[in-house]
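Numbering (the numbering used here), first residue to last: 126 to 192. Think of the CB as a built atom: it goes at the ideal place given N, C-alpha and C, for glycine as much as any other residue. Note that the structure is predicted; figures quoted are calculated from it, not measured. Okay, structure first, notes after.
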């Protein structure tokens, strides 16, 4: 699996988690933990993005100036 594709999927997961958190915030009105769980997943996916980027730069698969 290409690192670019993995980064794209992780970014999509962050966006989906963002909107699901907004939905749960409006629907539950703070009465459940689903909004907090959504925040946890969003932060986790963001950390994974940073880790994959560091790995890609370290191995040379990703460079800041790719053509």
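Reduced DSSP category for residue i - H, G, I as helix; E, B as strand; rest coil
i, result
"residue 155", "coil"
"residue 187", "coil"
"residue 127", "coil"
Proximity of residue i and residue j at Cβ, strictly below 7 Å
i, j, result
"residue 174", "residue 181", "no"
"residue 131", "residue 177", "yes"
"residue 170", "residue 135", "yes"
Inter-residue CB distance, residue i and residue j (contact presumed, cutoff 8 Å)
i, j, result
"residue 139", "residue 159", "Not quite, the Cβ-Cβ distance comes to about 17 Å (not below 8 Å), so this is no contact."
Check whether the segment 145-153 touches the segment 161-179, taking contact to mean three or more Cβ pairs, one atom from each stretch, closer than 8 Å. yes
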